[in-house]
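Some notes on the structure that comes next.
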């Protein structure tokens, strides 16, 4: 069981992930809708894993990954991307993201990614 922070600007995507994760017995400890909230919530909640959308208003997921990893080098972050965002996914992995999942979410792929990152 992992404590997970979900960050996505689309409420529907957060709900979808919450449903998948809680069904797999994980606990969603918080939700954010942009990179700034991701950083603030990470500091507050100290989650085991963060699922982070790449494209968000105010601050992108990519910038948030860089900032979180800068402050917390062991942070486990999984990027969520739409099709066609490969370049940004590569940048995110280089910035320290551990894995990525593609929208629309495949339940098994999400759980596999969480389990892989948890090790």
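Residue numbers (full-length UniProt numbering): 1 to 119. Think of the CB as a built atom: it goes at the ideal place given N, C-alpha and C, for glycine as much as any other residue. These figures come from a predicted structure and were not determined experimentally.
Pair within 8 angstroms by beta-carbon distance, residue i and residue j
{"i": "residue 83", "j": "residue 100", "result": "no"}
{"i": "residue 45", "j": "residue 28", "result": "no"}
{"i": "residue 65", "j": "residue 77", "result": "yes"}
{"i": "residue 36", "j": "residue 58", "result": "yes"}
{"i": "residue 8", "j": "residue 33", "result": "yes"}
{"i": "residue 98", "j": "residue 110", "result": "no"}
{"i": "residue 85", "j": "residue 54", "result": "yes"}
Residues that residue i bridges to, as DSSP identifies them
{"i": "residue 3", "result": "27"}
{"i": "residue 50", "result": "5, 77"}
Endpoints, alpha helix (DSSP H) assigned at residue i
{"i": "residue 101", "result": "Premise fails: residue 101 lies in the beta strand (DSSP E), 99–102, not in any alpha helix (DSSP H)."}
{"i": "residue 92", "result": "86–94"}
{"i": "residue 178", "result": "Here the chain covers residues 1 to 119 and nothing more, so residue 178 does not appear."}
{"i": "residue 82", "result": "Where residue 82 is concerned, there is no enclosing alpha helix (DSSP H), given that its DSSP letter is neither H nor E."}
{"i": "residue 38", "result": "35–45"}
Buried versus exposed, by CB contacts within 10 Å (16 or more), residue i
{"i": "residue 41", "result": "buried"}
{"i": "residue 22", "result": "exposed"}
{"i": "residue 61", "result": "buried"}
{"i": "residue 1", "result": "exposed"}
Residue i at chain C interface by Cβ criterion, 8 angstroms
{"i": "residue 67", "result": "Going by chain labels, chain C is absent from the structure shown, which holds only one protein chain."}
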